[in-house]
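Under the numbering used here, the very last position in the sequence shown is 91; numbers go up by exactly one each time.
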Amino acid sequence: MEFTLQMVQQVLLYVATYLLGMAFAGSFLGRRWMGTVDVLLHRTFKLNVTIGKYLYWKHFCCIPNPPKPKNLRRPTGLAGMLFTRFIE
């Protein structure tokens, strides 16, 4: 199966359509709904939560109690405890 110019154009069209659809869904449905769905997917599939994701959910999506990463739930050492207090 050879990749032709037409196939490449179709793939690029599909990718662009998908990205435009997701941008529309994000602006139409709102940050909080998209963040809630993201939290639900992370809890369902038991994905690792990073500090960046936690801060995104808490401050940008305004999720009241997002799941915390392991190092924020049980900080080790004085620096970890201070960092956890600073984040919250």
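Backbone N, C-alpha and C define an ideal beta-carbon position, used for all residues, glycine too.
Owing to the predicted nature of the structure, the values given are computational and were not obtained by experimental measurement.
| task | Taking only beta-carbon positions, decide if ARG88 is within less than 9 Å of chain C. | result | This model lacks chain C altogether, as it is built from one protein chain only.
| field | the stretch 47-55 in contact with the stretch 12-25 per 3-pair CB rule at 8 Å | value | Result no; under three Cβ-Cβ pairs closer than 8 Å.
| task | Decide if TRP60 is buried, meaning its Cβ has at least 16 other Cβ atoms within 10 Å, or exposed. | result | As a first step, residue 60 must be located in the sequence shown, where it is residue number 57. Flag for TRP60 reads buried.
| field | Straight-line gap, THR7 to LEU15 (C-alpha atoms, nearest Å) | value | Along the sequence shown, one-based indexing puts residue 7 at 4. Along the sequence shown, one-based indexing puts residue 15 at 12. Their backbone Cα atoms lie some 13 Å apart in a straight line.
| What number of angstroms, rounded off, separates the C-alpha of LYS56 from the C-alpha of LEU81? | The sequence position of residue 56 within the sequence shown is 53, counting from 1. The sequence position of residue 81 within the sequence shown is 78, counting from 1. Distance from the CA of LYS56 to the CA of LEU81, rounded to the nearest whole angstrom, comes to 23 Å.
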